[in-house]
Amino acid sequence: MKVAFIASEAIPYKKTGGLADVVGALPFHLNKLGIKTSIFLPRYKGIKGSLIGNLQIDMKEKHNVQVYTEGNFYFIDYPKFFDRDGLSQSILHSSVRRALFFCFPLKSLYF
Numbered sequence: 001m002k003v004a005f006i007a008s009e010a011i012p013y014k015k016t017g018g019l020a021d022v023v024g025a026l027p028f029h030l031n032k033l034g035i036k037t038s039i040f041l042p043r044y045k046g047i048k049g050s051l052i053g054n055l056q057i058d059m060k061e062k063h064n065v066q067v068y069t070e071g072n073f074y075f076i077d078y079p080k081f082f083d084r085d086g087l088s089q090s091i092l093h094s095s096v097r098r099a100l101f102f103c104f105p106l107k108s109l110y111f
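For what it's worth, UniProt numbering labels the leading residue of the sequence shown as 1, then goes sequentially.
As structure tokens, this is what we get:
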């Protein structure tokens, strides 16, 4: 079985609340039970990782994103939306657009 966690935050990379604790800890415990997990996060400013590839997202216009990894974490890098310190700098409209954009490439990466 494989389980993908798709979130805006996870320890040890970005934390603004309890979601980060759950997303950072639960996959670790599932791995101990033999369940393969992957965690997908935006690549906010300061998150390193190793570049593993590029994707072209075709929505109303074409967008090029890069994918980085570190362990079982995968980071979606699109500076227009994610090159910020984290969640606190957002406003609602921007957050919704970023969230929708972030989810779009995940089907290509995981399934």
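Positions of the beta carbon are idealized from the N, C-alpha and C atoms, including for glycine.
Once the 5 residues before and after Tyr68 are set aside, which same chain residues still bring their CB inside 8 Å of it? Counted from its first residue, the sequence shown places residue 68 at position 68. Here the set comprises Arg43, Ile47, Lys48, Gly49, Ser50, Leu51, Ile52, Tyr74, Phe75, Asp77.
Within 10 Å of its beta-carbon, does Lys32 have 16 or more other beta-carbons around it, so buried, or fewer, so exposed? Locating residue 32 in the sequence shown gives position 32, counting from the first residue. Classified as exposed, Lys32 has fewer than 16 neighbouring CB atoms from the shown chains inside 10 Å of its CB.
Which value, in whole angstroms, describes the spacing of the CA atoms of Leu92 and Leu30? Position 92 of the sequence shown, counting from 1, holds the residue named residue 92. Position 30 of the sequence shown, counting from 1, holds the residue named residue 30. Any reading at Leu92 needs caution, since the residue's pLDDT is 47, under 50, leaving its predicted position unreliable; the model's value is listed next. Straight-line spacing of the CA atoms in Leu92 and Leu30 works out to 33 Å.
Through-space distance from Ile11 to Ala25, alpha-carbon basis: By one-based count along the sequence shown, residue 25 stands at place 25. By one-based count along the sequence shown, residue 11 stands at place 11. Taking the straight line from one Cα to the other gives about 8 Å.
Residue range of the alpha helix (DSSP H) that Lys36 falls in? Locating residue 36 in the sequence shown gives position 36, counting from the first residue. Counting along the chain, Lys36 falls outside any alpha helix (DSSP H), though it belongs to the beta strand (DSSP E) covering 36–42.
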